[in-house]
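In what follows, a structure is listed as structure tokens, so that the remarks can point back to it.
There are 2 protein chains.
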Amino acid sequence: MHFFYILQYPHRVKLVLASISPNRTRAKSDAAATLAADFLARASRYATCEAQAHGSEAALLAWLDRQSARTSPFLILLDSRGRQLTSQEFAAQIGRHRDNGTQTLVLAIGPADGWSDAARARAGLLLSFGAITLPHELARVVLAEQIYRALTILAGHPYHSGH
Amino acid sequence: MHFFYILQYPHRVKLVLASISPNRTRAKSDAAATLAADFLARASRYATCEAQAHGSEAALLAWLDRQSARTSPFLILLDSRGRQLTSQEFAAQIGRHRDNGTQTLVLAIGPADGWSDAARARAGLLLSFGAITLPHELARVVLAEQIYRALTILAGHPYHSGH
């Protein structure tokens, strides 16, 4: 009789940068999209990263509901009322999720008029990058850069200490 | 006998986005430079705006000293230990300088290892954009965007309310 052991591969967390992009066309900044994509590509050296655009907050919440309970994503919402973390503290948060078995970590940038109470209630963390208001496309760049920075901090790469 | 009256033209404040860029070559982000230049160009519709790069903090301070006492610039340093203002409060600061006769307002992004005590002592305001650490080129984009946003707020342009 044989026993089959399931090999426990090292856990890998997937990071999803989600944004709410209403259908209405608006002037998009190619340079901002390029910058965000570049930071996300660099972050992908350290963890699986994915960009998602949802047409509305409701679409994002519906997508979350469709995920299986076992792999239900942990949701972090960028929110002006949220907690301000340093880049080191943000990295520590991502590290805890990676080490504690979170399979998908969703970091989402809200619509121009902010998140609904329902979305806030669904979130595991409300995160603020400061008192200033940033346009959506620039907030995406900052979030992508902070994800990259967090992963380099966790990996001991000198990117963070150089800035 | 004639009296010559000096016409008091409406006061115009000049905004200078200064950054410390050491001579050592480093990978520069074209996309970030494009974005910052774009926001500064849009800001120039509302006030004279100028970008300056100084090779060191000492070079910036020497440039400030060379300005005449009458037009001595007001210096705002981006500093993690500084005050956090909302975009509205930042706009109000710029508005006060415009209305109170400041001729040159210098907003400066420091070297990677931060400002010296001498630079901090020279500053009229230490301003923080939040707890996170941003790379120099992205901080420039955020500052340029906040300058543009501030000028639209002062002008009653709907850019700010749309984001």
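Protein sequence lines, in the order shown, are assigned to chains A and B.
So the first sequence is numbered by the working numbering: it starts at 888 and just counts up by one.
So the second sequence is numbered by the working numbering: it starts at 888 and just counts up by one.
Using N, Cα and C, we set each Cβ at its ideal position, and we do this for glycine too.
Proximity of chain A to Phe-1016/B at the Cβ level (cut-off 7 Å) is accounted for by Gly-1017, Ile-1019, in chain order. If you check the CB distance, Ala-1010/A and Leu-964/A come in under 8 Å. Bounds of the beta strand (DSSP E) holding Leu-1013/A are 1012-1015. Proximity of Thr-1039/B to chain A, defined by a Cβ-Cβ separation below 8 Å, is not satisfied.
Considering only Arg-968/A, Ala-919/A, Phe-926/A, the residue with the shortest C-alpha distance to Asp-1000/A is Arg-968/A. Residue state for His-941/A is assigned as strand, using DSSP reduced to three classes. Every unbroken stretch of the beta strand (DSSP E) spanning 3 or more residues and falling wholly within the region 965-998 of chain A is given here in chain order: 991-996. Closest in C-alpha terms to Gln-939/B, from the list Gln-1033/B, Gly-1017/B, Leu-947/B, comes Leu-947/B. Less than 8 Å divides the Cβ of Ser-906/A from the Cβ of Ala-995/A.
Taking a Cβ-Cβ threshold of 9 Å, none of the residues of chain B is close to Gly-969/A; the smallest such distance is about 11 Å.
At a cut-off of 8 Å between beta-carbon atoms, Glu-944/B makes no contact with chain A.
Residues of chain B whose Cβ lies closer than 8 Å to the Cβ of Gln-1033/A are, in chain order, Ile-1019.
Burial state of Glu-1024/B is buried, judged by a 10 Å Cβ sphere holding 16 or more other Cβ atoms. Taking a C-beta cut-off of 9 Å against chain A, the contacting residues of the region 984-999 of chain B are Ala-999, listed in chain order. Here the region 970-983 of chain A makes no contact with the region 915-930 of chain A; the two share fewer than three CB pairs at distances below 8 Å. Where Val-1028/A is concerned, there is no enclosing beta strand (DSSP E), although the alpha helix (DSSP H) around it starts and stops at 1023-1042.
Put simply, the CB of Leu-1025/A is near chain B, with a gap under 8 Å to one of its CB atoms.
Contact with chain B is found for Pro-1022/A, since one of that chain's Cβ atoms lies less than 8 Å from the residue's Cβ. Residue-level contact by beta carbon fails for Val-900/B and chain A, as no gap is shorter than 8 Å. Around His-984/A, the same chain offers Val-900, Phe-961, Leu-992 as residues with beta carbons nearer than 7 Å, after the five sequence neighbours per side are excluded. Neighbours of Ser-974/B across chain A, judged by C-beta separation under 9 Å: Ala-1018, Ile-1019, Thr-1020, Leu-1021. Following the DSSP letters along the chain, one finds Ala-1018/B in no alpha helix (DSSP H), marked with neither H nor E.
One finds nothing in chain B with a Cβ atom closer than 9 Å to the Cβ of Ser-959/A; even the nearest lies about 27 Å away. Ala-905/B carries a strand assignment under DSSP once its states are collapsed to helix, strand and coil. Non-local C-beta neighbours of Thr-989/A in its own chain, meaning closer than 6 Å and more than five positions away in sequence, comprise Val-900, Phe-961, ordered along the chain.
At a cut-off of 8 Å between C-beta atoms, Ala-928/B does not count as an interface residue with respect to chain A.
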